[in-house]
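Engineer: Right, I'll just put the structure down here and ask away after.
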Amino acid sequence: MKKQNRGVVVVAVGVVVAVVVVVVVAVVVAVVVVVVAVVVVMAVGVVVVVGVAGVVVGVGVVVVVVVVVMVVVVWGWWRKKKKKKKKKKKKKRRKGRRRGGGGGEEEEEEEEEEEEEERGGGGGGGEGGGEEEEEEEEEEEKEEVEEEEGKEEEEKKKKKKKKKKKKKKKKEEEKKKKKKKVEEEVEEEVEEEEFEEEEGEGEEGGRVRVLECLAPWLCISAARPVGSVGSGAARHNQQEGQQEQQQQEQHPGEPAAGWLRDTRTTAPDRSRRPHSAPAPITATMVKTFQAYLPSCHRTYSCIHCRAHLANHDELISKSFQGSQGRAYLFNSVVNVGCGPAEERVLLTGLHAVADIYCECCKTTLGWKYEHAFESSQKYKEGKYIIELAHMIKDNGWD
3 MKKQNRGVVV
13 VAVGVVVAVV
23 VVVVVAVVVA
33 VVVVVVAVVV
43 VMAVGVVVVV
53 GVAGVVVGVG
63 VVVVVVVVVM
73 VVVVWGWWRK
83 KKKKKKKKKK
93 KKRRKGRRRG
103 GGGGEEEEEE
113 EEEEEEEERG
123 GGGGGGEGGG
133 EEEEEEEEEE
143 EKEEVEEEEG
153 KEEEEKKKKK
163 KKKKKKKKKK
173 KEEEKKKKKK
183 KVEEEVEEEV
193 EEEEFEEEEG
203 EGEEGGRVRV
213 LECLAPWLCI
223 SAARPVGSVG
233 SGAARHNQQE
243 GQQEQQQQEQ
253 HPGEPAAGWL
263 RDTRTTAPDR
273 SRRPHSAPAP
283 ITATMVKTFQ
293 AYLPSCHRTY
303 SCIHCRAHLA
313 NHDELISKSF
323 QGSQGRAYLF
333 NSVVNVGCGP
343 AEERVLLTGL
353 HAVADIYCEC
363 CKTTLGWKYE
373 HAFESSQKYK
383 EGKYIIELAH
393 MIKDNGWD
């Protein structure tokens, strides 16, 4: 016998036992009443017997009613308990179907058999109430199913959203990494190309470096008005000529100190030194700075006269822009003159700047930051900007 039928059998047996007990009690009571009535009639009289019989019958009726009520209550409680168990079983089965996916048809058949057995065991008198209960149960089940489905859909949506967010974050991080790599590669390529171009220009111009500034001019000159460039050049030429004359008087027949002869065929600079006699072999006088520079050092020089301007160690940044293109920021420079300061509005804000120029060829190279009015630009104060169009990079000294 199946488990579903055991409960029905137990309840049926209980009801039968209760009815039998009630009947037996009623028979016993009736016998007792009859015996007592006979005895009483013989002893007392008919009236008393009738009264006692009425009392006994009333007590018996009350007992029967109480027993019936108890049976009905127990029956209702048992049915409710059974319904709860059914609901729990159905929920478990549904969850198992959703997770496992298989065995759903067999479980549905078992449920249908259980419902049919319950309907058959419930009796004809409870058909109307049973149908209503079934409808209520079905509605409750539908509501529960809908709620569960809604919860599952919400959970799925939440999971999808989380996955989308994670994917977006990963994509953004990958894009940022790619951008950084591309920027770094571009910067490296640009620097390599510039370095190669500068080396090519240096080779084309020859290895003769016409460095026209001696050690006394290796310093930053004081501020001068912008219109005094020509007078400064004249003074410089006069001082140079005087020094050469003094050295020739002290050591006649020898070239001035700091000058070396190069037998390469280049035209003499007649505009600068009209007093020098023409030599039978064309030669160029080259000024060197081996006294204060190491034997091999990366430097930056004026592209017009090859005067030394700065060492590579003094370079701060290559990401500046000048009037003729790219420009470099240096911490300190040499062989550079400085004009008067004036306020200018640059790309990074208002600054007090002064134009700087080469002390040898008087070419304007860039500017010096005298004062920055914004706190974020204070690091530029006292630094120098030289445009790339006016300088060349030297990879070492010959």
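Just so we're aligned, residue 3 is where the sequence shown starts under this note's numbering, counting upward by one.
Glycine included, every Cβ here is placed at the ideal spot set by N, Cα and C.
In this structure, how does DSSP classify lysine 94 when only helix, strand and coil are distinguished?
Structural biologist: Helix, per DSSP.
Engineer: Going by the CB atoms, is the gap between alanine 329 and glutamate 372 shorter than 7 Å?
Structural biologist: No.
Engineer: Given a threshold of 16 other Cβ atoms within 10 Å of its Cβ, counted over all protein chains shown, does lysine 370 qualify as buried or as exposed?
Structural biologist: Classification for lysine 370: buried.
Engineer: Is the distance from the Cβ of proline 325 to the Cβ of isoleucine 394 below 7 Å?
Structural biologist: For the sequence presented, residue 325 should be read as serine rather than proline. No, the Cβ-Cβ distance between serine 325 and isoleucine 394 is not below 7 Å.
Engineer: Would the beta-carbon of valine 73 fall within 7 Å of that of alanine 20?
Structural biologist: Yes, the Cβ-Cβ distance between valine 73 and alanine 20 is below 7 Å.
Engineer: Once DSSP output is grouped into helix, strand and coil, what is the label at glycine 384?
Structural biologist: Three-state DSSP puts glycine 384 in coil, outside helix and strand.
Engineer: Can you give me the Cβ contacts of aspartate 357 inside the same chain, cut-off strictly under 7 Å, excluding the 5 residues immediately before and after it?
Structural biologist: So the qualifying residues of the chain are Val228, Gly341, Thr366, Trp369.
Engineer: Determine the burial state of aspartate 396: buried for a count of at least 16 other Cβ atoms within 10 Å of its Cβ, exposed for fewer.
Structural biologist: Under this definition aspartate 396 is a buried residue.
Engineer: What is the rounded straight-line gap between the Cα of lysine 82 and the Cα of valine 57?
Structural biologist: Answer to the nearest angstrom: the Cα atoms are 38 Å apart.
Engineer: Assuming the contact rule is C-beta atoms closer than 8 Å, valine 338 and leucine 317 should be a hit. Round their C-beta distance to whole Å, please.
Structural biologist: Not a contact, Cβ separation roughly 15 Å.
Engineer: Can you name, in chain order, every residue of its own chain whose Cβ lies under 7 Å from the Cβ of valine 31, other than the five neighbours on each side?
Structural biologist: Excluding positions up to five away in sequence, the list reads Val58, Gly62.
Engineer: Express the C-alpha separation of lysine 89 and valine 64 in angstroms, rounding to a whole number.
Structural biologist: Approximately 38 Å, taken between the alpha carbons.
Engineer: Rounded to whole angstroms, what is the Cα-Cα separation between glutamate 142 and lysine 94?
Structural biologist: Straight-line Cα distance between these residues: approximately 16 Å.
Engineer: Which class does glutamate 345 belong to by DSSP, given the choice of helix, strand or coil?
Structural biologist: Of the three classes helix, strand and coil, the one that applies to glutamate 345 here is strand, per DSSP.
Engineer: Can the beta-carbon of tyrosine 386 be found less than 7 Å from the beta-carbon of valine 347?
Structural biologist: It is not a contact, given that the beta carbons lie outside the stated cut-off.
Engineer: Using three-state DSSP, classify valine 336 as helix, strand or coil.
Structural biologist: Three-state DSSP puts valine 336 in coil, outside helix and strand.
Engineer: Can the beta-carbon of valine 24 be found less than 7 Å from the beta-carbon of valine 75?
Structural biologist: No, the pair does not count as a contact, with Cβ atoms beyond the cut-off.
Engineer: Please state whether the Cβ-Cβ distance between threonine 350 and glutamine 323 is less than 7 Å.
Structural biologist: In this structure, glutamine 323 does not lie closer than 7 Å to threonine 350 by Cβ.
Engineer: How big is the Cα-Cα spacing for serine 319 and cysteine 360?
Structural biologist: So the two alpha carbons sit approximately 21 Å from each other.
Engineer: DSSP three-state call for valine 18: helix, strand or coil?
Structural biologist: Reduced to three states, the DSSP call for valine 18 is helix.
Engineer: According to DSSP, is histidine 299 part of a helix, a strand, or is it coil?
Structural biologist: In this structure, histidine 299 counts as coil in the three-state DSSP scheme.
Engineer: Would you list the residues sitting across from phenylalanine 322 in a DSSP beta bridge?
Structural biologist: Beta-bridge pairing links phenylalanine 322 to Ala329.
Engineer: Let me know the secondary structure DSSP gives alanine 312 once reduced to three states.
Structural biologist: Reduced to three states, the DSSP call for alanine 312 is strand.
Engineer: Starting from leucine 367, trace the beta strand (DSSP E) in both directions and tell me its first and last residue.
Structural biologist: Run containing leucine 367: 366 to 374, per the beta strand (DSSP E) assignment.
Engineer: Return the residue from the list Asp315, Ala309, His306 that minimises the CA-CA distance to arginine 300.
Structural biologist: With distances taken between Cα atoms, arginine 300 lies closest to Asp315.
Engineer: Compute the distance between the beta-carbons of alanine 374 and glutamate 383, then report whether it is under 7 Å.
Structural biologist: Yes, the pair counts as a contact, with Cβ atoms nearer than the cut-off.
Engineer: Do you know whose CA, among Lys168, Val147, Lys164, Val17, lies nearest lysine 97's CA?
Structural biologist: Measuring from the Cα of lysine 97, the nearest candidate turns out to be Val147.
Engineer: Going by C-alpha to C-alpha distance, which of Cys363, Ala354, Gly327, Val26 sits closest to isoleucine 437?
Structural biologist: Not covered by the structure: residue 437. The range shown for the chain is 3 to 400.
Engineer: So, with DSSP's three-state summary, where would you put glutamate 389?
Structural biologist: Of the three classes helix, strand and coil, the one that applies to glutamate 389 here is strand, per DSSP.
Engineer: Does arginine 96 get closer than 7 Å to chain B when you measure Cβ to Cβ?
Structural biologist: In summary, chain B is missing from the structure at hand, where a single protein chain is found.
Engineer: Please classify alanine 309: is it buried, with 16 or more other beta-carbons within 10 angstroms of its beta-carbon, or exposed?
Structural biologist: Buried is the call here.
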